[in-house]
Amino acid sequence: MWALQVSAGPGRASPFDIQLLAAFNNTVSAYQTRLQAAPTSTELTEANATITTLKFELAELHDAETKNVEALRLGDERFIRAKSLERKLKEVEATRDEHWEKLNFARETISLLTENEELAKAQLAKVERKYKVLADTRELDLKTTTREARKDLAIKFKTTLDLVKSHIAGKNAMLEPFVKISEMKANVELLEVIIKGEFTDFQAELDVVSLDKQDKYAKDLAEAEVRVLKLDMSQMKLLTSDLS
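End of the sequence shown = 313 in our numbering, gap-free, step of one.
Pasting the structure below:
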């Protein structure tokens with residue numbers, strides 16, 4: 070470090086010179102101080118590297134901040150979506166519970182209907198069995214009754230025919246026995262119809278047949294020239310009572 074000094078010669082310096090010299094020395098001292106404080110080239114290089122690193126880190130921080138902002142935005146969107154999904158989930162759960170209740174009710178209803186169906190099938194089977202028994206019994210009774218009726222009619226028809234052949238006297242006396250015969254033949258024919266199940270009104274059918282046969286045989290007997298023995302009326306009364 071260098072500075073100017075006042076010489077101690079025969080002439081003394083003036084106060085002004087002293088002040089000027091002091092100002093100069095101060096300026097030089099300040100300049101030297103600044104020179105000493107200035108960084109070296111190595112320090113400048115390191116400073117530049119540090120500045121570059123700091124700029125890079127600052128850029129990374131800026132990018133991170135941008136990403137954080139985007140992440141926050143996405144987070145907010147996801148939060149809103151999560152809330153919406155939560156509400157929908159609650160609605161779906163409520164609907165599911167309602168559907169479960171309806172499904173359980175439907176299952177109970179189906180179970181009850183199945184039980185009723187099984188009960189109805191059992192009752193129907195029972196009725197069918199009873200009907201079959203009744204039908205078989207009725208068919209058996211009908212066959213038995215028909216057989217007995219045919220047998221009885223055959224016996225009465227033969228008896229009446231024998232009586233007519235043996236005891237009728239005169240064409241006027243023959244009218245009533247032949248009417249009985251016609252009725253019995255009509256009854257036999259009617260019985261055949263009954264067996265086949267083709268009649269609708271038994272009494273009406275019997276009346277029509279009887280009247281038709283009476284007219285026919287009355288006409289035939291009126292034209293006949295037959296002469297036979299007198300009919301035993303007691304036997305005809307017995308026959309009439311059997312046929313009534």
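For glycine and all other residues, C-beta sits at the position ideal for the given N, C-alpha and C.
- In the three-state DSSP reduction, Ser153 falls in the helix class (H, G or I).
- The three-state reading of DSSP puts Ser180 in helix, counting H, G and I together.
- Ser98 sits in a helix when the DSSP states are folded into three classes.
- When Lys195, Ala133, Thr119 and Lys254 are compared, the shortest CA-CA separation from Lys225 is found for Lys254.
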